[in-house]
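From first to last, the protein sequence lines stand for chains A and B.
Residues 672 to 1105 in the working numbering are what the first sequence lists, from first letter to last.
Residues 672 to 1105 in the working numbering are what the second sequence lists, from first letter to last.
Every residue gets a Cβ at the ideal spot worked out from N, C-alpha and C, and that includes glycine.
Note sheet for the following structure.
There are 2 protein chains.
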Amino acid sequence: MKSPLIACALLAIATGASAAPPVDLAKFPDTAASDPKANALMVGTPPPPDKLVRWADGSHFRFPNTRWSFSHMREVMPTADVWRGSGKPSHFARAEQKLDTVAYTDMDGIARTWGEALAKTWTDGVVVVHRGRIVYEKYFGALEPHFPHIAMSVTKSFVGLLATMLEHEGKLDPSAPVTRYVPELAATAYGDATVRQVMDMTTGVQYSENYADPKAEIFGYMTAGAFLPAPPGAELPGSFFDFLKTLKKEGEHDQAFAYKTVNTEVLSWIVQRVSGQALPQLLAQRLWQKLGAEEDAYLLVDRTGTASGGGGLNATLRDMARVGEMMRLKGRFNGQQIVPAAVVADIAAGADQAKFAKAGYTTLPNWTYHNQWWISDQGYYMARGIYGQAIYVDPKSELVIARFGSHPIAANSVQDPIILPAYRAIAKHLNRGR
Amino acid sequence: MKSPLIACALLAIATGASAAPPVDLAKFPDTAASDPKANALMVGTPPPPDKLVRWADGSHFRFPNTRWSFSHMREVMPTADVWRGSGKPSHFARAEQKLDTVAYTDMDGIARTWGEALAKTWTDGVVVVHRGRIVYEKYFGALEPHFPHIAMSVTKSFVGLLATMLEHEGKLDPSAPVTRYVPELAATAYGDATVRQVMDMTTGVQYSENYADPKAEIFGYMTAGAFLPAPPGAELPGSFFDFLKTLKKEGEHDQAFAYKTVNTEVLSWIVQRVSGQALPQLLAQRLWQKLGAEEDAYLLVDRTGTASGGGGLNATLRDMARVGEMMRLKGRFNGQQIVPAAVVADIAAGADQAKFAKAGYTTLPNWTYHNQWWISDQGYYMARGIYGQAIYVDPKSELVIARFGSHPIAANSVQDPIILPAYRAIAKHLNRGR
């Protein structure tokens, strides 16, 4: 079971706090050397054994296989469709600009360019939308414009958006106890938590990410949800929901931000219970069909057909950019108010900086985490997922950037020093002279 | 391992010869009683245990769960997308007619109506296209117009169509030995077989469907391809291709038609090897994108990402009807010649009746099996899949019928006596007075 452990290791780094361990990125093949097309991953009838990427041995979660698998998740796992409907895709105007040479200085004081930033972060694709027009769109590795790519924890922001919509419709009360909606969690860490604490990830829940311990909860989460195969003979919960019912309390709620994916799975449970709809249908009816998405999206599902709200969304880059534009435009896109402006304002307002600061994210000074979105105090905000998934929404700069990646290290803190200043540089460049 | 055995039993009946064992259909819940919506299968957050349909316990292949799962296969298994492209769907004119009361007499001499025939065969949906216009379209159970439904062995006809196209392009020689294209099969039953014998299923291959024997090849096929979970501790091939490499010869080639799904998996291997493209890409580029399909289709894939050419296609009914129309119109549809007319004529010409007769299909007198299609001597032909999947192409009557079902018994011979005369009755009714 070597590979799942490696995968867990990467995830462990990712979902822990900001202080990433020192990582020598030079030991990993770079963007060109890890290119899945050049390396003929999964090419051949059949592909040779050393080019196979499979769920059964966990190799789908192992770099550089991830450079292929993150654009092909449905081929290794069961998934549920997020239907775009039968209407025409919404139109995206284009005004392409050469941005590769845009120069900036990264957080470590190194002079870089936008093009270099993309390569140095193992980017699979990026779309830059300025004033509603696509000014830059590139694909690398295995990704193509019509391929859904796994969005990892960007998924959480979609669940948070749905929860906030339900809140503003009066159907979900953030101050209510979790157990009002999911009584099954009464005997767990969530027995005395509020929905608000779940939405902002300030619960005290024992959720170990010590991958050296085969009983660590992160291992249970990933195998319960079938992200990874279970070790032989393991007795583990067979679904996300069954896993959540095993969680114990650790510390107190409401003291500090603590990023734990299980909070989102709880929120996803609440959202589905309150709405009476499964997550794929919610995303389809409330977002995908109204946005005029170009392609269906899909969600990874566990062995009981439950979608992963914590990290299971797969979508095309352009459709992610549509979501970003909708947020930038206060919920209005494709000729209709898709999300109430008050919902977007609520999310963008952020949460308590003091609680966020306790988590020690050095690359995100003065940010907060609110309703499953990452909110800067500079007027922009993000949906963020490990390995480099992002929707960057910057209303002041009239800018949206959607990006997918397959970085060798899960932790975004490893690539933040390069990529976050790059987003800012693009914002500045596109609005120069204004 | 009760459920996989039941599934295998059903498949065994299906893939064996025509002589179905006596079946008391009255013991199965009828269309209404087995309705997955009425029974709330897979409804709830989470669905209660007795409403769960899962791959892990084989319950996705157990009636009446199949009434849900056959419209939701991607939610229980990994799949590969068949992309429809970004163009507009082709237009289907409509001229709806009331056909439910069309009366006829079935093969057993029982007076029936079209509407009754659909219900008595556990139909999930049907589209009737007359002179290019949809005259009848209905959905039952879990199926909706935009849901891909598993096509079972209708898939084979798509592989056969691709093979015939490659033949007419001079890329595939039916008289060549299989080993010219797949030398890996030299030491198997296919070592001295020709491509033609594989295309028309006249190989002598030991492929037991004795489900009481856990070592029977059908069990190996289904578990190797991950249609069903393997029994604990079983040492089985991990892919379709690895399984094919284990097949031994039994009897002589070219003596008689013998319907064995493994022949199609061999043909699928050949088609992919010759074209240098995987089956999902072939179907997308050569058919789906040219047809102007309404929705993406998808293929079930095994643990190595290899699509099942034997039974893995899932598509919407209307897109199946588009394929049928394209065949009826000698390969021309959506304003372009998608398949050469000579390819369609080749398929429709059928094969050797004497070889087919040896298999004893009493419901298919004077039919043949050619290039993976079922050809009547009355001028119409079909793609057929177990549990009631069909594309019925009747150029003389300017008629195409696409149908999906989830009959409790796999064998089409059980429902042929009701449904085949019903197709003929619809043909006669629509062309009355001509």
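* Proximal chain B residues relative to alanine 895/A, where beta-carbon distance stays under 8 Å -> By Cβ distance, chain B contributes nothing, its closest Cβ being about 12 Å from alanine 895/A, past 8 Å.
* Asked: Nearest-angstrom Cα distance between tyrosine 878/B and alanine 1019/B?
  -> 28 Å
* Asked: Can you list the residues of chain B that phenylalanine 912/A reaches, using a CB-CB cut of under 7 Å?
  -> Pro717
* Kindly list the residues whose CB is nearer than 6 Å to the CB of alanine 964/A, restricted to its own chain and excluding five residues on each side of it in sequence; keep chain order. => Arg755 and Asp990
* Find the residues of chain A that neighbour tryptophan 754/B, judging by a C-beta separation of less than 8 Å, and give them in chain order. => His817
* histidine 924/A and threonine 975/A: beta carbons closer than 8 Å? -> no
* Should proline 902/A be labelled buried (16 or more other beta-carbon atoms within 10 Å of its own) or exposed? -> exposed
* To do: Measure from the C-beta of alanine 727/B to each C-beta in chain A and report whether the shortest distance is under 8 Å.
  => yes
* Asked: Roughly how many angstroms lie between the CA atoms of arginine 1074/A and proline 700/A, to the nearest whole one?
  -> 21 Å
* **chain B within 8 Å of proline 1173/A, Cβ atoms only** => Lying before the first or after the last residue shown, residue 1173/A is absent from chain A, which here runs from 672 to 1105.
* Measure how close the beta-carbons of alanine 1082/A and tyrosine 930/A come, nearest whole angstrom, since I'm counting them as under 8 Å. => Going by Cβ atoms, the distance from alanine 1082/A to tyrosine 930/A rounds to 11 Å, so no, they are not a contact pair.
* Asked: Can the beta-carbon of alanine 822/A be found closer than 8 Å to that of glycine 1021/A?
  -> no
* To do: Determine which residues share a DSSP beta bridge with tryptophan 1045/B and list them.
  => Tyr1040/B and Met1053/B
* Select from Gly841/B, Thr737/B, Arg725/B and Val806/B the residue whose C-alpha is nearest the C-alpha of glutamate 1069/B. => Val806/B
* Can you find a C-beta in chain A that's less than 8 Å from the C-beta of threonine 750/B? -> yes
* **Residue interval of the alpha helix (DSSP H) (run including leucine 954/B)** => 950–954
* Measure how close the beta-carbons of serine 664/B and histidine 820/B come, nearest whole angstrom, since I'm counting them as under 8 Å. => Outside the modelled stretch of chain B, which goes from 672 to 1105, sits residue 664/B, for which no answer is possible.
* Asked: What residues of chain A sit near threonine 975/B, judged by a beta carbon separation below 8 Å?
  -> Pro717, Pro718, Leu723 and Arg725
* Asked: Beta-carbon of glutamate 1069/A versus every beta-carbon of chain D: anything under 8 Å?
  -> In summary, chain D is missing from the structure at hand, where the protein chains are A and B.
* Asked: When burial is assigned at 16 or more other CB atoms within 10 Å of the CB, is alanine 683/B buried or exposed?
  -> The pLDDT assigned to alanine 683/B is 36, lower than 50, so where the model puts this residue is not dependable, and the model offers no usable value.
* Asked: What did DSSP end up calling alanine 1098/B once you bin it into helix, strand or coil?
  -> helix
* Give me the Cα-Cα distance between methionine 744/A and aspartate 752/B, rounded to the nearest whole angstrom. => 11 Å
* Any idea which residues DSSP pairs asparagine 985/A with across the strands? -> Ile821/A and Tyr969/A
* Asked: Quick one: is aspartate 967/A near chain B, going by C-beta distance under 8 Å?
  -> yes
* Interface partners of glutamate 808/A on chain B, CB under 9 Å -> Ordered by position in chain B, no residue passes the 9 Å Cβ test against glutamate 808/A, which lies about 15 Å from the chain.
* **Cβ contact (3+ pairs, closer than 8 Å) linking the region 908–926 of chain B and the region 854–861 of chain B** => yes
* **Proximity to glutamate 767/B [Cα-Cα], best of Arg802/B, Ala1061/B, Arg851/B and Lys698/B** => Arg802/B
* Return the first residue and the last residue of the beta strand (DSSP E) that valine 694/A is part of. => Premise fails: valine 694/A is in no beta strand (DSSP E) and is neither H nor E.
* Asked: Does glutamine 1086/A come within less than 8 Å of chain B when only Cβ atoms are used?
  -> no
* To do: Could you have a look at aspartate 701/A and say whether DSSP puts it in helix, strand or coil?
  => coil
* To do: Taking only the alpha-carbon atoms, compute the straight-line gap between isoleucine 677/B and arginine 733/B and give it to the nearest angstrom.
  => Any reading at isoleucine 677/B needs caution, since the residue's pLDDT is 42, under 50, leaving its predicted position unreliable; the model's value is listed next. Distance between the alpha carbons of isoleucine 677/B and arginine 733/B: 7 Å.
* Indicate whether valine 876/A and glutamate 936/A have their beta-carbon atoms separated by less than 8 Å. => no
* Asked: Can you give the Cα-Cα distance for threonine 776/A and alanine 782/A, rounded to whole angstroms?
  -> 4 Å
* Hey, would you say aspartate 973/B sits closer than 8 Å to phenylalanine 911/B, going by beta carbons? -> yes
* Cβ of methionine 997/A within 8 Å of any chain B Cβ -> no
* **Chain-ordered chain B contacts of glutamate 746/A [CB-CB under 8 Å]** => Pro749, Thr750, Ala751, Val972 and Gly976
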